[in-house]
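Numbering (the working numbering), first residue to last: 342 to 636.
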C-alpha cells in the first residue's frame, strides 16, 4: 500500500467512523503524512516503528524549528494514526500513546474595550441596505459571542424574536441556546423588515443573513465587511475579537465561568478559563494606571 492510499483510507476512517470534523481529519492527515514521509527517508517500515522511533522523529521536528504547538498537533495526529493502525491489526499497540504533549504557552486573546466595540459598530453606514444588514450581523456576533461560521450558518427558523433566543449550531454538531438583548432585537427586526426581503426577492433562503444576491452570506464576505469597519473606525481587530470581547465583558461584569462556557459552546471549561486571565490582566493594568503611587 502506498503512503497516499494509506492516508486516504485513514482520512475516510476519521470522517466516517470516528466522526471527526473535516478540519480535524485534515490536520491529522497532514501530521501523519509528514511522519510517514520521514519514515520513508529513514528507510524504516511502518510495522517496525517503536517508541524510540517516534522520539527520534519528534526530536528531528524540534531541531527543524517546529513550535510546541506544531509538535503537540503532530502527536495528536500520530496518536490518531496509531489508533487506526491498531484497529486494522497493523500495529499490536499504539506506541504514540506513550508520547507526552508539550504544554504550549497560551497567548491571551486580544480584547476590545466597550468603547472600541461602540466605535466599530457606530462606524456602520446604516443609510443603505447592506449597512443595515451589517448592523444586525455584527451586533449579534458581539452580543451572542458567535463564531463567524455560526453567524453565517444561523437559520432564520432558529431566531426566536419573542423569546429573544437563537439556536446556534456550533462545533462538533453541538447546539446551544443563546439569548440576545433589546438592542440586537431592534436591529434584527429592521433588517428582517426592510432589507432581507429586498435581497432574497421572494427566494426561499434558510439562512438569516444574506448578501445582495439573496444568497447566504459567506465568511469571506463577513471578513471583507469587517475590514471596512476597521478602516472607518480606526479600531484594529478581527471578527473573532468580538467573541473574545463578549466573553471577557461578561466575566468582568460578574458572570460565572460555567454560564460563559455554556454561552460560548466550549466543551471544556479549561478553554473558557483563559478569559479570566484576560480580565485579571485588564484589572492589573487599570490598577497601575489609576492607582500608581510614585516613590
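Ideal Cβ positions, reconstructed from N, Cα and C, are used throughout, including at glycine.
- So, helix, strand or coil for residue 516, using DSSP? strand
- Buried or exposed: where does residue 406 fall if 16 or more other Cβ atoms within 10 Å of its Cβ makes it buried? exposed
- Item | As assigned by DSSP and simplified to three states, the class of residue 503 | coil
- Message: I need the straight-line Cα distance from residue 517 to residue 605, nearest angstrom please.
- Response: 9 Å
- Item | Span separating the alpha-carbon of residue 434 from that of residue 356 | 22 Å
- Item | For residue 360, three-class secondary structure by DSSP | coil
- Rounded separation between residue 440 and residue 358 - CA only: 24 Å
- Message: Can you give me the C-alpha to C-alpha distance between residue 536 and residue 471, rounded to a whole angstrom?
- Response: 8 Å
- Item | Bridge partner(s) assigned by DSSP for residue 496 | 548
- Can you name, in chain order, every residue of its own chain whose Cβ lies under 7 Å from the Cβ of residue 573, other than the five neighbours on each side? 464
- CB of residue 591 within 9 Å of CB of residue 453, strictly: no
- Message: Tell me the rounded alpha-carbon separation between residue 552 and residue 418.
- Response: 38 Å
- Item | Nonlocal neighbours in the same chain, by C-beta distance under 6 Å from residue 374, ignoring five residues either side | 348
- Query: With a cut-off of 8 Å, do at least 3 Cβ pairs link the segment 472–484 to the segment 525–541?
  - Reply: yes
- Look up residue 576 in the DSSP assignment and say whether it is helix, strand or coil. coil
- Own chain, CB closer than 7 Å to residue 398, minus 5 neighbours either side, in chain order: 376 and 379
- Query: Would you say the segment 415–432 touches the segment 360–370, given that touching needs at least three Cβ pairs under 8 Å?
  - Reply: yes
- Rounded to a whole number of angstroms, what is the C-alpha to C-alpha distance between residue 469 and residue 462? 15 Å
- Message: With the cut-off set at 9 Å, would you say residue 547 and residue 588 are in Cβ contact?
- Response: no
- Please name the residue, chosen from 360, 351, 410 and 431, that lies closest to residue 386 on a Cα-to-Cα basis. 431
- Whole angstroms is fine: what's the gap from residue 351's alpha carbon to residue 596's? 43 Å
- Run the CB neighbour count on residue 458, radius 10 Å, all protein chains shown included, and call it buried at 16 or more, exposed below. buried
- Query: In terms of residue numbering, what span does the alpha helix (DSSP H) encompassing residue 524 cover?
  - Reply: 523–531
- Taking 9 Å as the cut-off, decide whether the C-beta atoms of residue 515 and residue 608 are in contact. yes
- Report the rounded CA-to-CA distance for residue 493 versus residue 580, giving the unit in angstroms. 12 Å
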